[in-house]
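Chains as they are written, first to last, in my numbering: chain A, 147 to 384; chain B, 147 to 384.
Glycine is no exception: its CB is placed at the ideal position from the N, C-alpha and C atoms.
In what follows, a structure is listed as structure tokens, so that the remarks can point back to it.
Number of protein chains: 2
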Amino acid sequence: MATIYQHSTLAALMAGLLGGTTTVGELLTHGNTGIGTMHGVDGEVIILNGQVYQATADGQVHHITDKTATLPFATLHQEEAATATPITVQDATMQTMNMVNEQHLTNNFSSIVLQGTFEHVQVRVAPKATEPFPSLLDLTEQQPIFEKNDIAGTLVGYYSPALYHGVVAAGWHIHFLSDDRQFAGHVLAFNAQTLTGTLTAFADYQLHLPIDNVAFREHELDMTNLSAGITAAEGGAE
Amino acid sequence: MATIYQHSTLAALMAGLLGGTTTVGELLTHGNTGIGTMHGVDGEVIILNGQVYQATADGQVHHITDKTATLPFATLHQEEAATATPITVQDATMQTMNMVNEQHLTNNFSSIVLQGTFEHVQVRVAPKATEPFPSLLDLTEQQPIFEKNDIAGTLVGYYSPALYHGVVAAGWHIHFLSDDRQFAGHVLAFNAQTLTGTLTAFADYQLHLPIDNVAFREHELDMTNLSAGITAAEGGAE
Chain A
147 MATIYQHSTL AALMAGLLGG TTTVGELLTH GNTGIGTMHG VDGEVIILNG QVYQATADGQ
207 VHHITDKTAT LPFATLHQEE AATATPITVQ DATMQTMNMV NEQHLTNNFS SIVLQGTFEH
267 VQVRVAPKAT EPFPSLLDLT EQQPIFEKND IAGTLVGYYS PALYHGVVAA GWHIHFLSDD
327 RQFAGHVLAF NAQTLTGTLT AFADYQLHLP IDNVAFREHE LDMTNLSAGI TAAEGGAE
Chain B
147 MATIYQHSTL AALMAGLLGG TTTVGELLTH GNTGIGTMHG VDGEVIILNG QVYQATADGQ
207 VHHITDKTAT LPFATLHQEE AATATPITVQ DATMQTMNMV NEQHLTNNFS SIVLQGTFEH
267 VQVRVAPKAT EPFPSLLDLT EQQPIFEKND IAGTLVGYYS PALYHGVVAA GWHIHFLSDD
327 RQFAGHVLAF NAQTLTGTLT AFADYQLHLP IDNVAFREHE LDMTNLSAGI TAAEGGAE
């Protein structure tokens, strides 16, 4: 059975815990495929075949080889034939993604890894925050948006059920990386005639909390404003 | 680092998924200490030293040795000296329990295993449902309550942060088992002069979902009424 691994919570980011609390090296022991962000919510991370790429707010993409680089939040899994289901998606858009998991996968976590040539991809990239860190909501009020037409690349994304909204953003959360490793980010919109890849349904959700981190242990949850704040910051659930 | 293992979700129970979806044998591979309920929400389960006990609504306690017996919901962990912190609680009550984890443990899952002689223990025991299963809320409207004075026994319980309310009941969820194995249940109230045992703080939360179960895959979440329903059924968060 496949396991999805998540480091920290979206609620902690919302509370301004934007400092790195795990390392690239530690994360890669839990999977070879995933998404996340670097220390200070510096950009959008996409992990593919065990390689870590970071899109930054200046529009660049960096290959992260420093195993000691830290991240405040990440989700990943071990992509393997034994647990992945091959899928082909025609006329793929964010809306199509919502159909991918309508087939009785709405109560569990799922991942997609989809490759192809995209007619259009629109991404945003979180700008790096400096200490004292703002909340994720304040940080993400102004984020650069980048677009490309006719670009070959890969989508890596996760579906989280509504039940877990707050721990993570409910719905699909998808990052893009171009084949030439020059264009990447958090996907806002895309369309592609045909994408092929895999869908993995996870029976196990392993949530790792940075309980050795004082700020994590001591932060106060604002449950009242959490859901609306996440929707504003991440474009989540509703 | 210690791991807490949970099978299925409280939201699934609320939706009426009361049928067993894991076995005693499978659960015991994930820990030797825990709480849960049997197929049909038949009573209150407490797992201690790898032994499984079930309190039923007729006031009896059964030692479950059948490894194929099924459960719809359970939480457990491996109790061990390497990860547990020895604690002593004076003038212990449910209110004292809320103080146990005020020391910066409110953002992660914790467990307690506490032994001693109790001046008073009040428990309730869920009555077994038959198919077609009602929702947990309907089932728990009428539950027998049992009380004992001057009884030696053990509390096994888990603290879950408010962020996870719905996946599990937020706050403390504690079961009791007497030393003579004749009295057990879901703890509503207790007081004891001195209890000794352990507190374990979990860095990892492993949630296992029964995705091979059609009813689990297909059930619809009622997020609007979930929180209030759980509070009514479990006496949870607020």
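Query: Tell me whether the beta-carbon of A:Val207 lies closer than 8 Å to the beta-carbon of A:Gln328.; Result: yes
Query: Find the residues of chain A that neighbour B:Thr155, judging by a C-beta separation of less than 8 Å, and give them in chain order.; Result: Leu309
Query: Quick one: residues in its chain with C-beta nearer than 8 Å to the C-beta of B:Ala161, no 5 flanking neighbours on either side, listed in chain order?; Result: Ser281, His365, Glu366, Leu367 and Asp368
Query: Is it a yes or a no for the stretch 200-217 of chain B touching the stretch 234-254 of chain B, going by three-plus beta-carbon pairs under 8 Å?; Result: no
Query: Specify the secondary structure class of A:Val271 as computed by DSSP and reduced to three states.; Result: coil
Query: Just how far apart, CA to CA, sit A:Ser154 and B:Asp296?; Result: 43 Å
Query: Compare the C-beta of B:Met240 with all C-beta atoms of chain A and state if any pair is closer than 8 Å.; Result: no
Query: So that I know if they touch, is there some Cβ in chain B lying closer than 8 Å to that of A:Asn253?; Result: yes
Query: In three-state terms, what does DSSP make of B:Phe362?; Result: helix
Query: Just curious, the alpha helix (DSSP H) that A:Gln241 is in, first and last residue?; Result: Met240 to Val246
Query: Jot down the residue ranges of each uninterrupted alpha helix (DSSP H) in the stretch 311-374 of chain B, minimum 4 residues, whole runs only, in chain order.; Result: 360-364
Query: Going by CA-CA distance only, name the one from B:Ile193, B:Gly177 and B:Thr346 that's closest to B:Met184.; Result: B:Ile193
Query: Could you check whether the Cβ of B:Ala374 sits closer than 8 Å to any Cβ belonging to chain A?; Result: no
Query: Rounded to the nearest angstrom, what separates A:Met245 and A:Thr252 at their Cα positions?; Result: 10 Å
Query: Please state the DSSP three-state secondary structure of B:Leu163.; Result: coil
Query: DSSP three-state call for A:Gly171: helix, strand or coil?; Result: helix
Query: What does the Cβ neighbour count give for A:Ala157, buried or exposed, with the cut at 16 atoms within 10 Å?; Result: buried
Query: In the DSSP assignment, the alpha helix (DSSP H) including A:Leu283 goes from what residue to what residue?; Result: Leu282 to Leu285
Query: Name the chain A residues whose beta carbon is nearer than 7 Å to that of B:Met369?; Result: Ala308
Query: Classify B:Leu260 as helix, strand or coil using the three-state DSSP reduction.; Result: strand
Query: What residues in the stretch 344-369 of chain A bring their beta carbon closer than 9 Å to a beta carbon of chain B?; Result: Ala347, Phe348, Ala349, Asp350, Tyr351, Gln352, Leu353, His354, Leu355, Pro356, Ile357, Asp358, Val360, Phe362, Arg363, Glu364, His365, Glu366, Leu367 and Met369
Query: Using only the alpha-carbon positions, how far apart do A:Thr340 and A:Tyr305 sit?; Result: 20 Å
Query: Mind pulling the chain D residues with CB within less than 8 Å of B:Gly312?; Result: Structure shown: chain D not included; protein chains present are A and B.
Query: How would you label A:Asn254, buried or exposed, when you count the other beta carbons within 10 angstroms and need 16 or more for buried?; Result: buried
Query: Would you say the beta carbon of B:Gly180 comes nearer than 7 Å to a heavy atom of the ligand HEM?; Result: This structure simply doesn't include the ligand HEM, nor any ligand for that matter.
Query: Could you tell me which of B:Leu323, B:Leu174 and B:Tyr151 sits nearest to B:Val271, measuring between CA atoms?; Result: B:Leu323
Query: DSSP three-state label for B:Leu309, please.; Result: helix
Query: Alpha carbons only, please: which of A:Val267, A:Ala230, A:Met243 and A:Thr211 is nearest the one belonging to A:Leu334?; Result: A:Val267
Query: Let me know if B:Glu226 comes out buried or exposed under the rule of 16 or more other beta-carbons within 10 Å of its beta-carbon.; Result: exposed
Query: Out of A:Ala238, A:Gly317, A:His332 and A:His311, point me to the one whose CA is closest to A:Ser373's CA.; Result: A:His311
Query: What does A:Val191 pair with, by DSSP beta-bridge criteria?; Result: A:Gly182 and A:Gln200
Query: Taking the beta strand (DSSP E) that B:Phe219 belongs to, which residues open and close that run?; Result: Phe219 to His223
Query: How is B:Leu251 classed by DSSP in three states: helix, strand or coil?; Result: coil
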